[in-house]
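Undergrad:
Protein chains in written order, with my numbering: chain A, 15 to 344; chain B, 15 to 344.
(1) Does any residue of chain B have a CB that is nearer than 8 angstroms to the CB of residue 272 (chain A)?
(2) In the DSSP assignment, find the beta strand (DSSP E) that holds residue 111 (chain A) and state where it starts and stops.
(3) For the segment 115-129 of chain B against the segment 185-192 of chain B, do three or more pairs of beta-carbon atoms, one drawn from each stretch, fall closer than 8 angstroms, so that the two count as touching?
(4) Could you tell me whether the Cβ of residue 269 (chain B) comes closer than 8 angstroms to any Cβ of chain A?
(5) CB-CB under 6 angstroms to residue 182 (chain A), same chain, minus the five flanking residues each way: which ones, in chain order?
(6) Which residue from B:138, B:44, B:24 and B:27 puts its Cα closest to that of residue 335 (chain B)?
(7) Return the CA-CA distance between residue 299 (chain B) and residue 166 (chain A), expressed in angstroms with no decimal places.
(8) Within 8 angstroms of any Cβ in chain B, is that where the Cβ of residue 259 (chain A) sits?
(9) Leaving out the 5 sequence neighbours to the left and right, which residues in its chain are closer than 8 angstroms to residue 213 (chain B) when beta-carbon positions are compared?
(10) Any chance you could list the beta strand (DSSP E) runs of at least 3 consecutive residues sitting entirely within the segment 158-219 of chain A, in chain order?
(11) Look up residue 78 (chain B) in the DSSP assignment and give the residues it is bridged to.
(12) Please state if the CB of residue 293 (chain A) and the CB of residue 228 (chain A) are separated by a distance shorter than 8 angstroms.
(13) I'd like to confirm the pairing. Which residues does DSSP put opposite residue 43 (chain B) in its beta bridges?
(14) Does the beta carbon of residue 244 (chain A) come closer than 8 angstroms to any beta carbon on chain B?
(15) Rank B:84, B:143, B:77 and B:145 by C-alpha distance to the C-alpha of residue 132 (chain B) and give the top, closest one.
(16) Can you check DSSP and say which residues form a bridge with residue 84 (chain A)?
(17) Does DSSP put residue 239 (chain B) in a helix, a strand or coil?
(18) Given that residue 233 (chain B) touches chain A, what residues does it touch there, using C-beta distances under 8 angstroms?
(19) Less than 8 angstroms between the C-beta atoms of residue 108 (chain B) and residue 51 (chain B), yes or no?
(20) Give me, in chain order, the residues of the same chain whose beta-carbon lies closer than 7 angstroms to that of residue 176 (chain A); leave out the 5 immediate sequence neighbours on both sides.
(21) Could you give the residue range of the alpha helix (DSSP H) that holds residue 287 (chain B)?
(22) Under three-state DSSP, which class holds residue 26 (chain A)?
(23) For the segment 272-287 of chain A, which residues have a beta carbon sitting closer than 9 angstroms to at least one beta carbon of chain B?
(24) Identify the contact partners of residue 254 (chain B) in chain A, using a Cβ-Cβ distance below 7 angstroms as the criterion.
(25) Could you tell me the boundaries of the beta strand (DSSP E) in which residue 229 (chain A) lies?
(26) Out of A:322, A:56 and A:130, which has the shortest C-alpha to C-alpha gap to residue 99 (chain A)?
(27) What does DSSP give as the partner residues of residue 33 (chain B) in its beta bridges?
(28) With a CB to CB cut of under 7 angstroms and the five nearest residues on each side skipped, what residues in its chain are close to residue 86 (chain B)?
(29) Tell me the DSSP secondary structure of residue 317 (chain B) in three-state form.
(30) Spell out whether any CB of chain A is found under 8 angstroms from the CB atom of residue 236 (chain B).
(31) Give every residue of the same chain whose Cβ lies closer than 8 angstroms to the Cβ of residue 37 (chain A), excluding the five residues on either side of it in the sequence, and list them in chain order.
(32) Taking only the alpha-carbon atoms, compute the straight-line gap between residue 179 (chain A) and residue 173 (chain A) and give it to the nearest angstrom.
(33) With a 10 Å radius around its C-beta and 16 neighbouring C-beta atoms as the bar for buried, classify residue 150 (chain B) as buried or exposed.
(34) If you compare alpha carbons, which of B:226, B:325, B:242 and B:236 is closest to residue 220 (chain B)?
(35) Name the DSSP beta bridge partners of residue 155 (chain A), please?
(36) Using C-beta distances below 7 angstroms, list every residue in its chain close to residue 80 (chain A), excluding the 5 sequence neighbours before and after it, in chain order.
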């Protein structure tokens, strides 16, 4: 089968299309004929050599796909060959075929295109898991979301305004993205290049701060995040793109009863991902099916242009997801 | 009424017995004739001038009492003058009379002495709140508790081994207290003066680490605590006696999905304390009433020896609580 392979680790130049063996589903798994996949930050990290897949998992990039079930492993029930599905995969999404666990499959609603379906799993599940399942975000609370037009952030804004319409949503964005983030439903958009987001958040919340922050920058934002966080606020840490080591003021954190919660999706167990998927299907999928929430697509490129797709994400000029079309035949 | 007053802030020399006006209960409050109170770390901090009571609260030391209800404010039901009660107070415990909120009252079981009753609220509620209500400690999990013979730590060991008997409990203690902590039920006691507790915890958990840590040392222990914490482990931070600023490795915390949770009891709202008290009465009080859990008393001194009592706590040579007897007439 066709797949994206790596000539070592490094820049986009290491990405090439090659041929590899088609994988066979193990117990509890299905094989998916991949129609679309999408580019996520973990793919960049992996291409650069800063992530190694766990033993037994595919070393091919790609953490989510949409397509049709092509073969069933033993012990799989509740789905059949030909079903249109989208799902998280441990790796291997940038290929014509990929293995997935049956309990991670999400049926693709009739109303959703395969390009949109490639944009659902990594970003919406990440946002839903952290803000709602872990962060217990409640209607009427306030959230600060970093990341302007990124996939997780745009999904997070949509989820907050849909699942908790009385919430107040603050977003940090670069100047060129402020208007589009507002159109997405954010209540306050802070231009982080010219404004101090902690000060702005305090100003708009009468000094109270926000109840939840979803952060992927780590060290760079830690002090400002803690300053922007309300009493009993939760900081969900899902990335360390701005460095990993920072000084923390434990006394303030204690007195304000704040929480810092480290969270990643990829390394969770198959069982945990199954539970998260089930909660997602129950709560979020109906909102995608009736198009209350529509995934934002920045661009769709053929798999052969994977290097351009990576360069596009690394430029950070995108708004919404970058989709790779793997196959057009069903 | 008789009360402990402060001649400025500082060492034990600032403590003196004096006379002040007897307080009157406001709506929702009762006045308690105090029989016993006890010495807690927050009393030391307040005496040293490092804590200021919120507006409207008593400036007299003392955060928990046992005694009898002496007068009811308006709107109080469910209790009556003469009832034997123990409770948290916002301050004012080192006095003949103190005000308390009716929803913070805990009936003193017949089987419990007034000296024991003075030892229940601050330490057992702190341990219960953090380990169980916030930390969601589950039977079969493992906990690391710091603080040897201190009030919160001894209560925490008893609660873990009583409410979650299949749990594994690690405690750090000074050499002179190791045996007594073992007798209390701890599974592993680590002499922190000669052993690296993170290494010891890893050794006894096959490298896994513990699921929950209750820490009052803050900065001094942060790096070791994070190293001793398992995947999805929770660090409950209830004090910063070892400093407040420390470097945190956010990348490790994220990958291991760990949580740091700041928590204080005293500054919580009257309503929150009421909810916590109700949960405590339901889950822990029966274990105190049937003497499965017996509060540990190090010494009982008359209120007039409050300076000696404070010196005793500051020596850190005590094991269990230091009780002050305020009145012997009922």
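By construction, the Cβ of each residue, glycine as well, lies at the ideal position given by its N, Cα and C atoms.
Only a predicted model underlies this, so the values are computations on that prediction, with no experimental measurement involved.
TA: According to the structure shown:
(1) Working through the first chain from its first residue, we reach residue 272 (chain A) at position 258. Judged by the 8 angstroms Cβ criterion, residue 272 (chain A) is in contact with chain B.
(2) Residue 111 (chain A) sits at position 97 when you count from the first residue of the first chain. That run of the beta strand (DSSP E) goes 111-115.
(3) no
(4) Position 255 of the second chain holds residue 269 (chain B). Cβ-Cβ to chain A under 8 angstroms: yes for residue 269 (chain B).
(5) In the first chain, the residue the question calls residue 182 (chain A) occupies position 168. These residues qualify, in order along the chain: 156 and 201.
(6) For this step, residue 335 (chain B) is matched to residue 321 along the second chain. Comparing Cα positions, the closest option is B:138.
(7) Here residue 299 (chain B) corresponds to residue number 285 of the second chain, with the count starting at 1. Here residue 166 (chain A) corresponds to residue number 152 of the first chain, with the count starting at 1. Each residue's Cα considered, the two are about 46 angstroms apart.
(8) For the purposes of this step, residue 259 (chain A) is identified with residue 245 of the first chain, where counting begins at 1. Chain B, which has a Cβ nearer than 8 angstroms to the Cβ of residue 259 (chain A), makes this yes.
(9) In the second chain, residue 213 (chain B) corresponds to position 199, counting from 1. Closer than 8 angstroms at the Cβ level, and outside the excluded window around residue 213 (chain B), lies no residue.
(10) 182-187 and 202-205
(11) Translated into the one-based positions of the second chain, residue 78 (chain B) becomes position 64. Note: residue 78 (chain B) sits in a beta bridge opposite B:102.
(12) As a working note, residue 228 (chain A) is residue 214 in the first chain. As a working note, residue 293 (chain A) is residue 279 in the first chain. In this structure, residue 293 (chain A) does not lie closer than 8 angstroms to residue 228 (chain A) by Cβ.
(13) By 1-based counting over the second chain, the position of residue 43 (chain B) is 29. Per DSSP, B:115.
(14) Along the first chain, read from residue 1 onward, the residue named residue 244 (chain A) stands at position 230. For residue 244 (chain A), the answer is no, since every Cβ of chain B falls outside 8 angstroms of its Cβ.
(15) The residue you call residue 132 (chain B) lines up with position 118 of the second chain. Nearest C-alpha to residue 132 (chain B): B:77.
(16) Residue 84 (chain A) sits at position 70 when you count from the first residue of the first chain. DSSP lists no partner for residue 84 (chain A).
(17) By 1-based counting over the second chain, the position of residue 239 (chain B) is 225. Three-state result, residue 239 (chain B): helix.
(18) Your numbering for residue 233 (chain B) matches position 219 in the second chain. Neighbours of residue 233 (chain B) on chain A, chain order: 264.
(19) Numbered from 1 along the second chain, position 94 holds the residue referred to as residue 108 (chain B). Numbered from 1 along the second chain, position 37 holds the residue referred to as residue 51 (chain B). Contact flag set, yes.
(20) On the first chain, residue 176 (chain A) is found 162 positions in, with the first residue counted as 1. Result list for residue 176 (chain A): 301, 306 and 307, in chain order.
(21) Sequence index remark: in the second chain, residue 287 (chain B) carries index 273 (1-based). Unbroken alpha helix (DSSP H) run through residue 287 (chain B): 284-297.
(22) Numbered from 1 along the first chain, position 12 holds the residue referred to as residue 26 (chain A). Reduced to three states, the DSSP call for residue 26 (chain A) is helix.
(23) 272, 273, 274, 275, 276, 277, 278, 281 and 282
(24) Against the second chain, residue 254 (chain B) aligns to sequence position 240. The answer, in chain order, is 264, 265 and 268.
(25) Taking the first residue of the first chain as 1, we reach residue 229 (chain A) at position 215. Note, residue 229 (chain A): beta strand (DSSP E), 224-229.
(26) If you number the first chain from 1, residue 99 (chain A) lands on position 85. For residue 99 (chain A), the nearest C-alpha among the options comes from A:130.
(27) Here residue 33 (chain B) refers to the residue found at position 19 when the second chain is read from its first residue. For residue 33 (chain B), which the question treats as bridged, DSSP gives the partners B:16.
(28) The residue you call residue 86 (chain B) lines up with position 72 of the second chain. 39, 44 and 95.
(29) Sequence index remark: in the second chain, residue 317 (chain B) carries index 303 (1-based). Residue 317 (chain B): helix per DSSP, three-state reduction.
(30) Indexing the second chain from 1 puts residue 236 (chain B) at position 222. By this cut-off, residue 236 (chain B) is an interface position.
(31) On the first chain, position 23 is the one that residue 37 (chain A) refers to. Once the five neighbours on either side are set aside, the close Cβ partners of residue 37 (chain A) are 45, 72, 106, 111, 112 and 113.
(32) Position 165 of the first chain holds residue 179 (chain A). Position 159 of the first chain holds residue 173 (chain A). When rounded, the distance between both Cα atoms is 9 angstroms.
(33) For this step, residue 150 (chain B) is matched to residue 136 along the second chain. Residue 150 (chain B) should be labelled exposed.
(34) In the second chain, residue 220 (chain B) corresponds to position 206, counting from 1. Among B:226, B:325, B:242 and B:236, the Cα nearest to that of residue 220 (chain B) is on B:242.
(35) Start at 1 with the first residue of the first chain, and residue 155 (chain A) comes out as number 141. DSSP, once it has assigned bridges, lists no residue as partnering residue 155 (chain A).
(36) In the first chain, the residue the question calls residue 80 (chain A) occupies position 66. Excluding positions up to five away in sequence, the list reads 49, 50, 100, 122, 128, 131 and 132.
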